[in-house]
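**Q** Those protein sequences? They're chains V and S, same order as listed.
First residue of the first sequence: 234, per this note's numbering; consecutive thereafter.
First residue of the second sequence: 234, per this note's numbering; consecutive thereafter.
Backbone N, C-alpha and C define an ideal beta-carbon position, used for all residues, glycine too.
There are 2 protein chains.
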Amino acid sequence: MAKLLTKDNFVRRLRAEGARRYQDRHPFTILLNKGKLSEKQLQAWILNWFYFQKSLPLKDGAIISNCPIAVVRRLWVSRILDHDGYGELEGGIEGWLRFAQASGLDRQIVLTSKPISGVGLAVDSLLNFARKSSWIEGVATSLTQLFLPAVVDRRINALARYYNHIVKPEGLRYFLSLNAQARKDSDTALTLVIKYADSNELREKALRAVLFSEDVLWSILDAIYSAFVVRDSPLHEP
Amino acid sequence: MAKLLTKDNFVRRLRAEGARRYQDRHPFTILLNKGKLSEKQLQAWILNWFYFQKSLPLKDGAIISNCPIAVVRRLWVSRILDHDGYGELEGGIEGWLRFAQASGLDRQIVLTSKPISGVGLAVDSLLNFARKSSWIEGVATSLTQLFLPAVVDRRINALARYYNHIVKPEGLRYFLSLNAQARKDSDTALTLVIKYADSNELREKALRAVLFSEDVLWSILDAIYSAFVVRDSPLHEP
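(1) Report yes if the CB atom of I369 (chain V) is closer than 8 Å to the CB atom of A422 (chain V), and no otherwise.
(2) Taking Y255 (chain V) as the reference, give the member of V:W451, V:R364, V:K292 with the closest Cα.
(3) Identify the continuous alpha helix (DSSP H) that holds F461 (chain S) and give its terminal residues.
(4) For A456 (chain V), which residues in chain S fall below 8 Å Cβ to Cβ?
(5) Give me the residue from S:L454, S:A393, S:S410 with the minimum Cα distance to G324 (chain S).
(6) Roughly how many angstroms lie between the CA atoms of N266 (chain S) and Y458 (chain S), to the nearest whole one?
(7) Under three-state DSSP, which class holds Y220 (chain V)?
(8) Can you give the Cα-Cα distance for L238 (chain S) and S432 (chain S), rounded to whole angstroms?
(9) If you compare alpha carbons, which of S:D386, S:K240, S:V352 is closest to S288 (chain S)?
(10) According to DSSP, is V443 (chain V) helix, strand or coil?
(11) Say whether chain S places a C-beta atom closer than 8 Å to the C-beta of S459 (chain V).
(12) By the three-class DSSP mapping on this structure, what secondary structure does V400 (chain S) have?
(13) Please state if the CB of G268 (chain S) and the CB of I436 (chain S) are separated by a distance shorter than 8 Å.
(14) Excluding the 5 residues flanking K292 (chain V) on each side, which residues of the same chain have their C-beta closer than 8 Å to its C-beta?
(15) Closer than 8 Å by beta-carbon distance: list the chain S residues that pair up with S358 (chain V), in chain order.
(16) Looking only at C-alpha atoms, which of S:R312, S:I342, S:K273, S:S346 sits nearest to A460 (chain S)?
(17) Quick check on L468 (chain V): does DSSP put it in helix, strand or coil?
(18) Output needed for F332 (chain S): all residues of its chain with C-beta closer than 7 Å, excluding positions within five of it in sequence on either side, in chain order.
(19) Could you give the first and the last residue of the continuous alpha helix (DSSP H) run that contains R388 (chain S)?
(20) Curious, which full-length alpha helix (DSSP H) runs of at least 4 residues does the stretch 248 to 304 of chain V contain?
(21) In this structure, does DSSP put L237 (chain V) in helix, strand or coil?
(22) Quick check: what's the CA-CA separation for R388 (chain V) versus A295 (chain V)?
(23) Quick check on V443 (chain V) - is its C-beta less than 8 Å from some C-beta in chain S?
(24) Please say whether A355 (chain V) and V449 (chain V) have beta carbons closer to each other than 8 Å?
(25) Contact defined as beta carbons within less than 8 Å: I believe L336 (chain S) pairs with V400 (chain S). What is the distance between those atoms, to the nearest angstrom?
(26) Check the Cβ of G351 (chain V) against every Cβ in chain S and list those closer than 9 Å, keeping chain order.
(27) Can you list the residues of chain V that P260 (chain S) reaches, using a CB-CB cut of under 8 Å?
(28) If you draw a straight line from the C-alpha of L322 (chain V) to the C-alpha of R245 (chain S), how long is it?
Quick look at the structure:
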């Protein structure tokens, strides 16, 4: 029998296979990081990415509803709280909304406008995946967060340097808290995956789930690039 | 109570709302029709579209498995035969394979290579939709074929005029038979939808299913454009 893929090797494979398709390499991200986006293109990204942001608690709800292990459910419930906020603490959805407002978008428009269809398809396919797969694979989709801190650092730099005429400083607040969050969350997810995916078959499945999740992020950017860089689509439907 | 949307008005709304996003308007199709694609880009389209082609009998199987009405199932089974072929008659999958071969692609490569991930996501979301929606909505997704004849005519002209150094004449055979097929199939689908979607609520659902299906086609082209026009990705994984 093959030796069980260790945690270190699991992460190594994730980095090797995942890095190739991580959103940081997407042409849209490259434009963003180089300060080449127009105000409208930046806003289009913020507006459309909100649909992904909004879908996260639904995805996490699906993972919980598939999971028979109470300790895992309890860990995972905190994700939903992190997205939706609790008590005084504002969640990730509100954080993104404030980022949008600091970038000149109307709150009501962000809340009510629909994403372009390619973004809708991609995000919904992630939600679907979480609903239909095992909870371990659902948890594994969030391992894309392993790669997030480097991306967020570059994003903060780009926003502060190139887009400060569009994005007010308070708009960066969300991203400043995001890195600590992402490190904590991806640690938890990795621990769960390594603990419960206790065969190479399950670990391979988990690995494929992360790569699928990266493909989703990539597709979101494909659609945004097509609509707002290749073409000049309206920012939002009336 | 609101008057029932007539068949004519249903088709009129379909044309009005559908035409806006039909694949004919996509930047990739525009390049194709103007003869602006390189050999590799044309082959990339053929190779990746094959994944859509291959998924059609699975989609139709899902529609059948959701449908409790035997006369409808019997009508719909002929779709699967049309894709997979029967007796001496070659099906749509084989037709596309021959088109690929006539365009310089190796049959074995077409059969075994994976689509780029955005194409995979989009096609799988259509399959998913068919599995999870009512059979009427599943049937309605095929109403995009109403728009197909005009597209196919332009495609045949472009292939014959601009790409005759790439595509051998026998490669066009599949498209020449496609129009009659599409007219027959969309007539059947429209008849079924109008017969069984007997409330405005159901007709609206059917309408949304067609528009969703058009979004899928659009997203396939977004991904191909991103990978092979914006970037220069490898034609297929080794």
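**A** This is what the structure gives:
(1) no
(2) V:W451
(3) That residue, F461 (chain S), is in no alpha helix (DSSP H); it is neither H nor E in DSSP.
(4) S452, D455
(5) S:S410
(6) 14 Å
(7) With chain V running from 234 to 471 in the structure shown, residue 220 (chain V) is simply not present.
(8) 8 Å
(9) S:V352
(10) helix
(11) yes
(12) coil
(13) Residue identity check: residue 436 (chain S) is Arg in the sequence provided, not Ile. Against a cut-off of 8 Å, the Cβ pair of G268 (chain S) and R436 (chain S) comes out as no contact.
(14) L359, L360, A363, G371, T374
(15) L354, D357, S358, N361
(16) S:K273
(17) coil
(18) I279, G404, Y407
(19) 381 to 395
(20) 260 to 266, 272 to 298
(21) coil
(22) 30 Å
(23) no
(24) yes
(25) Leu is not the amino acid found at residue 336 (chain S); the sequence shown has Ser there. Right, the Cβ-Cβ distance comes to about 5 Å (below 8 Å), so this counts as a contact.
(26) G351, A355, D448, W451, S452, D455, A456
(27) S459, V463, R464
(28) 50 Å
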